[in-house]
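One structure is given below, encoded as structure tokens.
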Amino acid sequence: MLVRAYLLVVFQCFTVAIGARVCPTFRDYDKLFNKKCFNNPDAERNITELIQSWPGFSAEEHYLTTEDGYRVLVERAYSKITQKNPIIIVHGIAMSAFGWVNRGNVSLARLLGDLGYDVWMLNYRGTWYSKGHVNLTTGNKNYWKYTIDNLGLYDVRAVVNFVSQETNRQSIYLGYSMGSSGFYIYSSTFPEEAKENVKAMIGIAPVINFTGVKSIALYTSYVWPTLKRFIYTFWNGEILPGYSIFLRPLTRFSGGMYLIQSINNLLFGDDYDQMDPLHYPQFATQMLDSVAVELWTHYLQIYETGVFKRFDYGEEMNLKKYGTPTPPVYDLSKIQIPMAVFASENDWLATIENANQIYSEIQPSVRCGFHVIPHKKWNHIDFLIAKDNPKYFYKYLFKKVNDLGDGKCES
Numbered sequence: 206m207l208v209r210a211y212l213l214v215v216f217q218c219f220t221v222a223i224g225a226r227v228c229p230t231f232r233d234y235d236k237l238f239n240k241k242c243f244n245n246p247d248a249e250r251n252i253t254e255l256i257q258s259w260p261g262f263s264a265e266e267h268y269l270t271t272e273d274g275y276r277v278l279v280e281r282a283y284s285k286i287t288q289k290n291p292i293i294i295v296h297g298i299a300m301s302a303f304g305w306v307n308r309g310n311v312s313l314a315r316l317l318g319d320l321g322y323d324v325w326m327l328n329y330r331g332t333w334y335s336k337g338h339v340n341l342t343t344g345n346k347n348y349w350k351y352t353i354d355n356l357g358l359y360d361v362r363a364v365v366n367f368v369s370q371e372t373n374r375q376s377i378y379l380g381y382s383m384g385s386s387g388f389y390i391y392s393s394t395f396p397e398e399a400k401e402n403v404k405a406m407i408g409i410a411p412v413i414n415f416t417g418v419k420s421i422a423l424y425t426s427y428v429w430p431t432l433k434r435f436i437y438t439f440w441n442g443e444i445l446p447g448y449s450i451f452l453r454p455l456t457r458f459s460g461g462m463y464l465i466q467s468i469n470n471l472l473f474g475d476d477y478d479q480m481d482p483l484h485y486p487q488f489a490t491q492m493l494d495s496v497a498v499e500l501w502t503h504y505l506q507i508y509e510t511g512v513f514k515r516f517d518y519g520e521e522m523n524l525k526k527y528g529t530p531t532p533p534v535y536d537l538s539k540i541q542i543p544m545a546v547f548a549s550e551n552d553w554l555a556t557i558e559n560a561n562q563i564y565s566e567i568q569p570s571v572r573c574g575f576h577v578i579p580h581k582k583w584n585h586i587d588f589l590i591a592k593d594n595p596k597y598f599y600k601y602l603f604k605k606v607n608d609l610g611d612g613k614c615e616s
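Going left to right, the sequence shown walks through residues 206 to 616 as the numbering used here numbers them.
Put into structure tokens, the structure is as follows:
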């Protein structure tokens, strides 16, 4: 059986030269010359090309230079703009904006565009699409010495201000996982500026402190000092650059994809039911992206202390940088923007407890809805890749976006 599976993988790796072979069911992947399977041309397209392949859509690339010198790509997708508020979508850790465009006609960016929204998608620094800098290259260790603070204070701030200037309108911000963390940092640090530029914010599987976390990812804290030195030595501070290429052979047969999902379940929550056979290969090989070593260090600091605070450089450096021996805590009560939260019961990384704490820390006057996905097995990455996203997530999300755009704040 193992020999047969290996030969099947080798054969398909050499015979599928264009696109990626996809099949309507996982069992279909295990049959050679299966007429039900076909090559998906989207597998060879970047974000801009994917948007341009949608009928009636236009795509724009905007490179922004942040105040600390990083060059980040903002992708714009639109068809017929009929809604008054542009949408900003910001991704989570170990991914890019590709996650909003890689599911064909059920991609989040496409569906929002079909509803008449002007969609802007940030690619955080360090991702495949945003590796530029005014002075540094990715081969320089200093390039990767950024934290979650930098994402919120610079990247998120840059895209929010840019969209406001380009459209002369307030945006509705959708932040998934780390995309929400960045916004909480920005809007609590610059509350007046954020209020001027942002109409409302929706946190999707939001993260501030990992309360109740079950994910094995946080167990890296026990060996992190050693791992950190290893990553700096071999990859200059970039965690597993290009590692998705090693997953490509596994997406050629069903057992390989279930193996990938088994690992994902340990990271994000157990859910095999929502695996989408048509799009799983693309998810596994194209959506995953690099992580900066100090960014993960920052998340581990938050996990270990249970406090959503700035990066801890040590007492001496903290005194120089912050004027206090310990890092300042982000005060979410300063946020003046209407906010809603989407969470799920089986999310092992951004737990219900974590989401409840976020909702309790913001002012009652800006609490505009706490929605739990009506599917018991829904996990962290199901918000991105679940086959039933339109049924369990999108229909509720789109209603909330519409309500917030109309100024309705229903808790």
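Here a beta-carbon is modelled for each residue, glycine too, at the ideal position from N, C-alpha and C. These numbers were taken from a predicted model, which means no experiment stands behind them.
query: What do you get for residue 384, buried or exposed, if any count of 16 or more other CB atoms within 10 angstroms of its CB means buried?; result: buried
query: Can you list, in chain order, the residues of its chain whose CB lies under 7 Å from that of residue 450, leaving out five sequence neighbours each side?; result: none
query: So residue 411 packs on residue 546, CB below 8 Å; how close in whole Å?; result: 6 Å
query: Tell me where the beta strand (DSSP E) around residue 547 begins and ends.; result: 544-548
query: Residue 209 to residue 590, Cα distance in whole Å?; result: Because residue 209 carries a pLDDT of 44, less than 50, the predicted location of this residue cannot be relied on, and the following value inherits that uncertainty. The alpha-carbon atoms of residue 209 and residue 590 are separated by roughly 29 Å.
query: Would you call the stretch 494-514 and the stretch 575-583 touching, i.e. three or more CB-CB distances under 8 Å?; result: no
query: Excluding the five sequence neighbours on either side, which residues of its own chain have a C-beta within less than 7 Å of the C-beta of residue 607, listed in chain order?; result: none
query: How would you write the range of the alpha helix (DSSP H) that residue 434 sits in, first residue to last?; result: 429-440
query: From 503, 602, 369, pick the residue whose C-alpha is nearest to that of residue 289; which is it?; result: 369
query: Keeping to the same chain, check which residues put their C-beta closer than 7 Å to that of residue 512; ignore five residues upstream and five downstream.; result: 414, 534
query: Kindly indicate which three-state DSSP category residue 529 falls into: helix, strand or coil?; result: coil
query: Apart from the five residues just before and just after residue 518, which ones in its own chain have a Cβ nearer than 7 Å to its Cβ?; result: 526
query: Pull up the CB-CB distance for residue 409 and residue 381, whole angstroms please, since I reckon it's below 8 Å.; result: 4 Å
query: Which runs of the beta strand (DSSP E), 3 residues or longer, sit entirely within the stretch 359-447?; result: 376-381, 403-409
query: Mind checking residue 406: buried by the 16 CB within 10 Å criterion, or exposed?; result: buried
query: Can you list, in chain order, the residues of its chain whose CB lies under 7 Å from that of residue 271, leaving out five sequence neighbours each side?; result: 277, 359, 360, 363
query: Note down the Cα distance separating residue 563 from residue 500, rounded to an integer number of angstroms.; result: 21 Å
query: Please report how far the alpha carbon of residue 390 lies from the alpha carbon of residue 425, in whole angstroms.; result: 24 Å
query: Grouping DSSP H, G and I as helix and E and B as strand, with all else coil, what is residue 243?; result: strand
query: If you draw a straight line from the C-alpha of residue 613 to the C-alpha of residue 554, how long is it?; result: 30 Å
query: Under 9 Å, Cβ to Cβ, is there at least one residue of chain D near residue 524?; result: Annotation note: the requested chain D is absent from the structure, which comprises a single protein chain.
query: For residue 247, count neighbouring C-beta atoms within 10 Å of its own C-beta (all shown protein chains included) and say buried if the count is 16 or more, exposed if not.; result: buried
query: Unbroken beta strand (DSSP E) runs of length 3 or more, entirely within the stretch 285-337: which are they?; result: 292-295, 324-327
query: May I ask which residues mark the beginning and end of the alpha helix (DSSP H) holding residue 560?; result: 557-566
query: Tell me, which residues are paired with residue 275 by DSSP?; result: 338
query: Skipping 5 residues on each side, what residues in its chain have a beta carbon closer than 7 Å to that of residue 404?; result: 290, 375, 376, 377, 609, 610
query: Looking only at DSSP bridge pairs, what is residue 270 linked to?; result: 276
query: Apply the 10 Å Cβ neighbour rule to residue 618 and answer buried if 16 or more other Cβ atoms are within range, or exposed otherwise.; result: Since the displayed the chain opens at 206 and closes at 616, residue 618 lies outside it and no answer follows.
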